[in-house]
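Residue numbers (the UniProt record's numbering): 83 to 386. Where is the CB? At the ideal position from N, CA and C, for every residue including glycine.
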Ligand code: ACK
């Protein structure tokens, strides 16, 4: 995909490798809607084995723009490669019908939903039963979500990709509640340009956006770090909406004046300090994803 001399040929070769015969894919119920289309449950039969997968397709009303978006999403997944903390590509149906992207199925749904279901979730009780002191919040599990996302984002950053929509709604939970970064629909390959400057405005995830993205339309890995801070806040606030009760405009005014999200109830001071470090106005003063992963791993030892 990155071959400068023959981009077209390389692209076709890469996509051929991933081709899945349509006949081996059976589509099931709708799981939800993505950026450019819908996500459906699927059953994939390959070499006598059947696996449950998630399938991204376009909506019937999809435009050419949406088509290019979904194809872009596929190209990014091929480029980024596999990582335990990223939703991985299984393959795609690109010929003889509408484009289908087949990805790994995350059986525990999205992180935001899990957090909002809160301590009623069966897995939380399991976690609490396993812990000696029985904390109010399954703190070790919450920090583990942060470590997982920081791991996935370290890989994405190393592959020179910017996500641009990092938020709890875009994190899916696999087996054993392993958190996986999903929805690369808005991400961009920054191989040639490491400071993506957006000139056209679509619907923007304002509450997750970095200072320089809000005011200068600049997106970098360090602006993903800001979003990671907001995601960490969502985790510690058990799925609450950031800046609840104020409008997007008011939130932007507050950020411009140096105001930031408050410490969610019950969140340890050192974790709040870590999220606030992601919200430094100057991108270079924020930690990197590997820094964040290491800090969270260190903190998690206090809750084991
Ligand atoms: O919280 P959910 O059930 O998990 O609702 C959203 C919805 O589709 C819109 O994105 C679900 N979803 C998306 N991709 C996957 C996947 N790979 N595995 C399981 N669920 C998925 C997501």
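Query: beta-carbon residue 115 near the ligand SAM non-hydrogen atom, thresh 7 Å; Result: Absence of the ligand SAM from the depicted structure is noted, with the ligand ACK being the only ligands included.
Query: Alpha-carbon to alpha-carbon, residue 376 and residue 301; Result: 24 Å
Query: Three-way DSSP call (helix, strand, coil) for residue 386 in this model; Result: coil
Query: Residue 264: CB within 7 Å of a non-hydrogen atom of the ligand ACK; Result: yes
Query: Span separating the alpha-carbon of residue 305 from that of residue 257; Result: 29 Å
Query: Strand pairing of residue 115, partner residues [DSSP]; Result: 120
Query: CA-to-CA distance, residue 357 to residue 101, given in whole angstroms; Result: 41 Å
Query: Span separating the alpha-carbon of residue 308 from that of residue 155; Result: 23 Å
Query: Residues bridged to residue 262 [DSSP beta-bridge criterion]; Result: 254
Query: Opening and closing residue of the alpha helix (DSSP H) in which residue 173 lies; Result: Where residue 173 is concerned, there is no enclosing alpha helix (DSSP H), although the beta strand (DSSP E) it sits in stretches over 171 to 175.
Query: Coarse secondary structure for residue 128, derived from DSSP in three states; Result: strand
Query: Closer than 7 Å: residue 254 CB and nearest the ligand ACK heavy atom; Result: yes
Query: Option nearest residue 384 by Cα separation, candidates 350, 237 and 321; Result: 350
Query: Boundaries of the alpha helix (DSSP H) in which residue 353 is found, first to last residue; Result: 351 to 359
Query: Nearest candidate by alpha-carbon position, reference residue 181, set 188, 187 and 173; Result: 173
Query: Residue 173: CB within 7 Å of a non-hydrogen atom of the ligand ACK; Result: no
Query: Exposure label - residue 327; buried when at least 16 CB within 10 Å; Result: exposed
Query: Inter-residue spacing [alpha-carbon to alpha-carbon] between residue 160 and residue 364; Result: 32 Å
Query: Collapsed DSSP secondary structure at residue 364 in the structure displayed; Result: coil
Query: Selection from 141, 179 and 223 that minimises the alpha carbon distance to residue 196; Result: 223
Query: Beta-carbon contacts of residue 251 that lie in its chain and below 7 Å, excluding the five residues immediately before and after; Result: 192 and 194
Query: Own chain partners of residue 128 with C-beta closer than 7 Å, once the 5 adjacent residues on each side are dropped; Result: 106
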